[in-house]
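The block underneath contains the structure these notes are about, expressed in structure tokens.
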Amino acid sequence: MGYEVEIKFRCPDHGAISKRLMALGAGPGAEVEQADAYLAHPSRDFAATNEALRIRREGAENRVTYKGPKHPGPTKTREEIEIPFQGGQEGFEATSRLFEALGFRPVAVVRKRRIPHHVRFQGRELEVTLDLAEELGPFVEVEALAADAADLPAAQAAVQALAAELGLTDASVEPRSYLRMLLELSGNQG
């Protein structure tokens, strides 16, 4: 079981963050476009349980991801199970139809352009992404993966320290998911 440990920040100046990342030895990866189709469970309210199920299309690659309930602490921390499946639009559509046939219903699609940066910081690999989320604007996510519950404190500390090193402050933290922000923007609370 792995855990995603992240903090998201509103950030109108991706250029400044990119320069700080380069100073730390992190160059940008290729820009990717993501479409995340979120699904509602037929008998469980994911909004109430703080869980999420999504089908992600990134270029020709597809993955289904389950995100477990959030753990308490200074970062957004949750179990993440991610499984790749048949690539391309055909695989994406077939998987979407499969979930709908099982009673899951589409909630919303979050679209974003993302430039990933990978950096070794405090002895671990972290990812910093510069995101431009459709309808929501520019953000930066600082993320680490924790192997297990015992690794959570170190992963959380590394994420917080790297964010501070990049000049990202508590004042710009965005605790909501892209899905939650998009639903609130549309007046739909999920």
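Heads up, the final residue of the sequence shown is numbered 177 in the numbering used here, and it's a clean run with no missing numbers.
Quick reminder that beta carbons are idealized off the backbone N, C-alpha and C, glycines included.
Short Cβ contact (9 Å threshold) for residue 52 with residue -8: no
Inside the segment 124 to 150 only - beta strand (DSSP E) runs reaching at least 3 residues: 124 to 133
Meets three-Cβ-pair contact criterion under 8 Å: the segment 42 to 52 and the segment 16 to 27: yes
Rounded separation between residue 123 and residue 135 - CA only: 32 Å
Contact under 9 Å by Cβ, residue 113 with residue -10: no
Buried/exposed call for residue 128, threshold 16 Cβ in 10 Å: buried
Per-residue burial, residue 73 [other beta carbons within 10 Å of its own, 16 or more giving buried]: exposed
Exposed unless 16 or more other CB atoms sit within 10 angstroms - verdict on residue 143: buried
Where residue 58 falls: helix, strand or coil (DSSP): strand
CA nearest to the CA of residue 80, picked from 50, 158, 150: 50
CB contact flag (residue 117, residue 125, <9 Å): yes
Residue 66 versus 102, 162, 39, residue with shortest Cα-Cα distance: 39
Residue 101 beta carbon less than 9 Å from that of residue 18: yes
Nearest residue (CA-CA) to residue 175, options 56, 57, 94: 94
Neighbourhood of residue 13 by C-beta, 8 Å cutoff - its chain only, sequence neighbours within 5 removed: 104, 105, 106, 115
Contact under 9 Å by Cβ, residue 145 with residue 111: yes
Reference residue 62; option with closest CA among 16, 148, 92, 165: 148
Whether residue 98 touches residue 121 by CB criterion (9 Å): yes
Euclidean distance between Cα positions of residue 88 and residue 109: 46 Å
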